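Q: Structure incoming, see below.
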Amino acid sequence: MQGKALPGFRDFYPEDLTLRNHIFATWRSVAARYGFEEYDGPPLEALDLYTRKSGEEIEQQLYSFRDKGDRDVALRPEMTPTLARMVAARGQALKKPIRWFSIPQLFRYERQQRGRLKEHFQLNMDIIGETSALADAELIAAAIDIMRAFAFGPGDFKVRMSDRRVLRTLLLGYDIREDSLQQAFAMLDKTGKDEEWVTWQLGGAYTGSGQTSRPIPRRSLIGLEPVSELLSSLPGGGHAIEPLRETVATLTTMGLGDFVEVDLTIVRGLAYYTGIVFELFDTQHKLRAIAGGGRYDGLLKAAGGPDLPALGFGMGDVVLSELLKERGVAPKASIELGAFLIAVGGDDMPLVLKLAHAMRDRGIAVEYGLRHAGVRKQLELAAARGAPRAVIIGPEERQAGLAVVRDLNAGTEAKVPLDKLLNGYFD
RNA sequence: GUGGCUGUAGCUCAAUUGGUUAGAGCGCCGGACUGUGGCUCCGGAGGUUGCGGGUUCAAUCCCCGUCAGCCACCCCA
Numbered sequence: 026m027q028g029k030a031l032p033g034f035r036d037f038y039p040e041d042l043t044l045r046n047h048i049f050a051t052w053r054s055v056a057a058r059y060g061f062e063e064y065d066g067p068p069l070e071a072l073d074l075y076t077r078k079s080g081e082e083i084e085q086q087l088y089s090f091r092d093k094g095d096r097d098v099a100l101r102p103e104m105t106p107t108l109a110r111m112v113a114a115r116g117q118a119l120k121k122p123i124r125w126f127s128i129p130q131l132f133r134y135e136r137q138q139r140g141r142l143k144e145h146f147q148l149n150m151d152i153i154g155e156t157s158a159l160a161d162a163e164l165i166a167a168a169i170d171i172m173r174a175f176a177f178g179p180g181d182f183k184v185r186m187s188d189r190r191v192l193r194t195l196l197l198g199y200d201i202r203e204d205s206l207q208q209a210f211a212m213l214d215k216t217g218k219d220e221e222w223v224t225w226q227l228g229g230a231y232t233g234s235g236q237t238s239r240p241i242p243r244r245s246l247i248g249l250e251p252v253s254e255l256l257s258s259l260p261g262g263g264h265a266i267e268p269l270r271e272t273v274a275t276l277t278t279m280g281l282g283d284f285v286e287v288d289l290t291i292v293r294g295l296a297y298y299t300g301i302v303f304e305l306f307d308t309q310h311k312l313r314a315i316a317g318g319g320r321y322d323g324l325l326k327a328a329g330g331p332d333l334p335a336l337g338f339g340m341g342d343v344v345l346s347e348l349l350k351e352r353g354v355a356p357k358a359s360i361e362l363g364a365f366l367i368a369v370g371g372d373d374m375p376l377v378l379k380l381a382h383a384m385r386d387r388g389i390a391v392e393y394g395l396r397h398a399g400v401r402k403q404l405e406l407a408a409a410r411g412a413p414r415a416v417i418i419g420p421e422e423r424q425a426g427l428a429v430v431r432d433l434n435a436g437t438e439a440k441v442p443l444d445k446l447l448n449g450y451f452d
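Position one of the first sequence corresponds to residue 26 (the working numbering), numbered consecutively onward.
See the structure below:
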């Protein structure tokens, strides 16, 4: 068992690459529909691009090393710092809001498991320079429509959304101290699906009242109405819920309401999110999150860029591939031949070559046997290559100026004048 | 990074209490079939049993180490 790719890295055989290309094509198609422009950056960056502000979570899993010029470098673990740098460099010149997408290959150093490798491709869609909740809805709609473009429906996946501003108001209202919010977020994130009550084991030191915080019934964190009700009793609650309410309303107006549910136990691991955060899950909840993102208004400035509001999401190819394979969504073959040409004898080969080249010049994909063999063998090969028809040329056909066109699916045959074939017609 | 389970042909799996030349199906190549594919039949290639060491007359099987995969934790994309 030698000659395998490094652990956590993938070889893409033709059938694998066919699926990957299908995914990329769908991503690009929907992104274009939403008016997003594609950009890219280098896969290798200076290490300090990530150690500065991206969040310590990512730092410990960086695929980093020192290069031959004694520079500390890292394979990019995420696209946002690169995006921030690129926007910063041209910030003044770019018309806002900026709508950009990219499909970078991202890396991290950690032990692999199903759906988590050392490398993956991830669609990144970002909107920069817009605070309106319409922007949040736009981005979530794009994520939903990508899944719809893969033929997934409301029964297959859901978007669960929350809002850091709501969470913050909620926790402060429940006497969690400001400097303990991140810890409280983390506990909320880990809340099990079957737990009835959400509690914070922070102890008196972390709550404003000096007492252990009150538990919250889990059911009041799920759904827009229960959450609204919960917030209405807290100081500033009515104001804090507005962006979330507006985003949900916008998505509902678009007709995407069936895909969305409010769930305040969605937090997202990254520290830099400031507003709405969301994740896409398969409804069976067998796999990891399909996609995730949110609003990160302070990040560009913190990363040394312009002070612009921003939001974005990432969707990886690994979990998505698993889902597509599980649903048996078969992508088309990587090649689609128009015909397979067959020379009955060696004397027929020149005409086959001439015909093949004429057809290829007309944009028709054709193949022929590269080694002389019997007709039976060549038909076998034609079928194996997935050709819809075989064009058979033998001495009799050459004599009559015809060729036998055999439909390999139906098993029927017709004689077609060579002139027609040379001009790219099979009948 | 921690712990558990598992490693036999390209794939899915066999191989008496440790026993002689490690088998089968599928796939691949060839033949029956030198002008007609999918079926059938026949044949062939393909293994240092993940790797290294130990116990034993003898190891695919038992022990240790290591690597890899899967699962959980951690964490996240």
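Where a beta carbon is used, it is the ideal one built from N, C-alpha and C, also for glycine. Just so you know, these numbers come straight off a predicted model, no measurement behind them.
Distance, Cα to Cα, Val287 vs Gly294?
A: The count along the first sequence starts at 1 and reaches residue 287 at position 262. The count along the first sequence starts at 1 and reaches residue 294 at position 269. Rounded to the nearest whole angstrom, the CA to CA distance from Val287 to Gly294 is 18 Å.
Q: Work out the CA separation of Tyr450 and Arg45 for me, nearest whole Å.
A: Translated into positions along the first sequence, residue 45 becomes position 20. Translated into positions along the first sequence, residue 450 becomes position 425. Cα to Cα, Arg45 sits roughly 33 Å from Tyr450.
Q: Say whether the region 437-444 touches the region 414-429, bearing in mind that this needs 3 or more beta-carbon pairs closer than 8 Å, one atom from each stretch.
A: yes
Q: Assuming Val430 contacts Arg414 under a Cβ cut-off of 8 Å, what Cβ separation, rounded to an integer in Å, is found between them?
A: Mapped onto the first sequence, residue 430 falls at position 405. Mapped onto the first sequence, residue 414 falls at position 389. Yes, they are in contact, since the Cβ atoms of Val430 and Arg414 sit about 6 Å apart, within 8 Å.
Q: Alpha helix (DSSP H) containing Lys440: first to last residue?
A: Locating residue 440 in the first sequence gives position 415, where the first residue counts as 1. Element bounds for Lys440: not the alpha helix (DSSP H) but the beta strand (DSSP E), 438-442.
Q: Among Tyr88, Asp95, Ala113, which one has its Cα closest to the Cα of Arg101?
A: By 1-based counting over the first sequence, the position of residue 101 is 76. Looking at the Cα atoms, Tyr88 is the closest of the given residues.
Q: On the DSSP letters alone, give me the boundaries of the alpha helix (DSSP H) that Asn448 sits inside.
A: Translated into the one-based positions of the first sequence, residue 448 becomes position 423. Looking at the DSSP string, Asn448 is not in any alpha helix (DSSP H), and its letter there is neither H nor E.
Q: Residues in its own chain within less than 7 Å of Ala162 by CB, not counting five upstream and five downstream?
A: Looking up residue 162 in the first sequence gives position 137. For Ala162, where only same-chain residues beyond five positions count, the Cβ hits under 7 Å are Thr272, Thr275, Leu276.
Q: Measuring only the C-alpha atoms, how far is Asp283 from Gln309?
A: Within the first sequence, the letter at position 258 stands for residue 283. Within the first sequence, the letter at position 284 stands for residue 309. C-alpha separation (whole angstroms): 16 Å.
Q: Looking only at C-alpha atoms, which of Thr107, Glu103, Ala71 sits nearest to Gly94?
A: Looking up residue 94 in the first sequence gives position 69. Taking each of Thr107, Glu103, Ala71 in turn and checking the Cα distance to Gly94, the smallest one comes out for Ala71.
Q: Pull up the DSSP beta-bridge partners for His145, would you.
A: As a first step, residue 145 must be located in the first sequence, where it is residue number 120. Leu131, per the DSSP bridge assignment.
Q: Using a Cβ-Cβ cutoff of less than 7 Å, which residues in the same chain neighbour Gly419 once the five nearest sequence positions on both sides are dropped?
A: If you number the first sequence from 1, residue 419 lands on position 394. Correct list, in chain order: Val369, Gly370, Asp373.
Q: Have a look at the DSSP bridge pairing and note the partners of Met150.
A: By one-based count along the first sequence, residue 150 stands at place 125. Met150 is bridged to Phe126, Phe338.
Q: Curious, which full-length alpha helix (DSSP H) runs of at least 4 residues does the region 364-421 contain?
A: 374-386, 400-409
Q: Apart from the five residues on each side of it in sequence, which residues of its chain come closer than 6 Å, Cβ to Cβ, to Glu135?
A: The residue labelled residue 135 in the question sits at position 110 within the first sequence. Excluding sequence neighbours, Glu135 sits near Gln86.
Q: Which one of Arg396, Arg110, Ala364, Leu404 has the shortest CA to CA distance from Arg387?
A: For the purposes of this step, residue 387 is taken as residue 362 along the first sequence, with counting starting at 1. Out of Arg396, Arg110, Ala364, Leu404, Ala364 has the C-alpha closest to the C-alpha of Arg387.
Q: Looking only at its own chain, which residues have a Cβ that is under 7 Å from the Cβ of Ile301, when we skip the five neighbours before and after it?
A: As a first step, residue 301 is located in the first sequence; it is residue number 276 there, counting from the start. Asp161, Met186, Asp188, Pro268, Leu269, Thr272, Gly319, Arg320, listed in sequence order.
Q: When you compare only the Cα positions, how much space is there between Asp36 and Ala167?
A: As a first step, residue 36 is located in the first sequence; it is residue number 11 there, counting from the start. As a first step, residue 167 is located in the first sequence; it is residue number 142 there, counting from the start. Distance from the CA atom of Asp36 to the CA atom of Ala167, rounded to whole angstroms, is 30 Å.
Q: Skipping 5 residues on each side, what residues in its chain have a beta carbon closer than 6 Å to that of Ile247?
A: Numbered from 1 along the first sequence, position 222 holds the residue referred to as residue 247. Answer for Ile247: Asp288, listed in chain order.
Q: How long is the line joining the alpha carbons of Phe34 and Leu42, rounded to whole angstroms?
A: For this step, residue 34 is matched to residue 9 along the first sequence. For this step, residue 42 is matched to residue 17 along the first sequence. Approximately 14 Å, taken between the alpha carbons.
Q: Just verifying my parser: in three-state terms, what is the DSSP assignment at Ser187?
A: On the first sequence, position 162 is the one that residue 187 refers to. Note: Ser187 maps to strand in three-state DSSP.
Q: Using DSSP with H/G/I as helix, E/B as strand and the rest coil, what is Pro242?
A: Counted from its first residue, the first sequence places residue 242 at position 217. In the three-state DSSP reduction, Pro242 falls in the strand class (E or B).
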